[in-house]
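Numbering (my numbering), first residue to last: 449 to 635.
Here's what the structure looks like:
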């Protein structure tokens, strides 16, 4: 009985350990993906944003902002341009998405932080590559990605406990049938 109990407890411990390890590696992977995903989306829209600044086209700038808002994590879009003769960066577009409360937002903030700001310089390929004509600034929130991670973690932990409990029960029954029952019949 003691050996069976030890093996069952060891199985439960190892199952929890491996589930926790899987969650940790997923967390590290997800944390690196959050920024890279936002930067990829921004870089896709950098060329249209540069065109909007160069042509002083506010409609195109709004389309860039709306296009960026298709990515749920983006909360704010700003386009700055070197407009005029003084070459100062002037705000060309400022769009903000309304904040909404989401489940486990507090946990997502703890794990992945709050808003992150990303900037990409705007340049036109047909012009001097060293001359920037503005920049695109985007503020992203990791809540959607964080919620998906938390949901995955609970699923991994829950299924890990079920799997480990199932294996522990099988091992316990096996030890009972092969060791405990024969020893009880001898004594």
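All C-beta atoms in this analysis are idealised placements derived from N, C-alpha and C, irrespective of residue type, glycine included. The structure displayed is predicted, hence computed values, not measured ones.
Can you name, in chain order, every residue of its own chain whose Cβ lies under 7 angstroms from the Cβ of residue i, other than the five neighbours on each side?
i           : result
residue 616 : 456, 459 and 460
residue 565 : 585 and 587
residue 581 : 498, 501, 502, 529, 530, 570, 571 and 572
residue 553 : 591
So, is residue i buried or exposed, given that buried needs 16 or more other C-beta atoms within 10 angstroms?
i           : result
residue 507 : exposed
residue 622 : exposed
residue 476 : exposed
residue 590 : buried
residue 527 : buried
residue 541 : buried
residue 560 : buried
residue 486 : buried
Give the secondary structure of residue i by DSSP, where H, G and I count as helix, E and B as strand, and everything else as coil.
i           : result
residue 522 : strand
residue 528 : strand
residue 584 : strand
residue 564 : strand
residue 570 : strand
residue 553 : helix
residue 632 : helix
residue 548 : coil
I'd like the span of the alpha helix (DSSP H) that includes residue i, first residue to last.
i           : result
residue 611 : 591-623
residue 472 : 450-502
residue 507 : 506-516
What are the boundary residues of the beta strand (DSSP E) that includes residue i?
i           : result
residue 544 : 537-544
Please report how far the alpha carbon of residue i lies from the alpha carbon of residue j, in whole angstroms.
i           : j           : result
residue 469 : residue 603 : 14 angstroms
residue 483 : residue 606 : 29 angstroms
residue 513 : residue 472 : 35 angstroms
residue 501 : residue 594 : 34 angstroms
residue 555 : residue 598 : 8 angstroms
residue 620 : residue 522 : 51 angstroms
residue 492 : residue 515 : 10 angstroms
residue 517 : residue 579 : 28 angstroms
residue 510 : residue 496 : 11 angstroms
residue 601 : residue 583 : 37 angstroms
residue 464 : residue 454 : 15 angstroms
residue 546 : residue 481 : 24 angstroms
residue 548 : residue 520 : 11 angstroms
residue 505 : residue 609 : 57 angstroms
residue 567 : residue 488 : 11 angstroms
For residue i, I'd like the list of residues in its chain whose CB is within less than 6 angstroms of its CB, leaving aside the five on either flank, ordered along the chain.
i           : result
residue 544 : 524
residue 452 : 620 and 623
Please tell me whether, using a cut-off of 7 angstroms, the distance from the CB of residue i to the nearest non-hydrogen atom of the ligand COA is below it.
i           : result
residue 557 : Annotation note on the ligand COA: not contained in the displayed structure, which lists no ligands.
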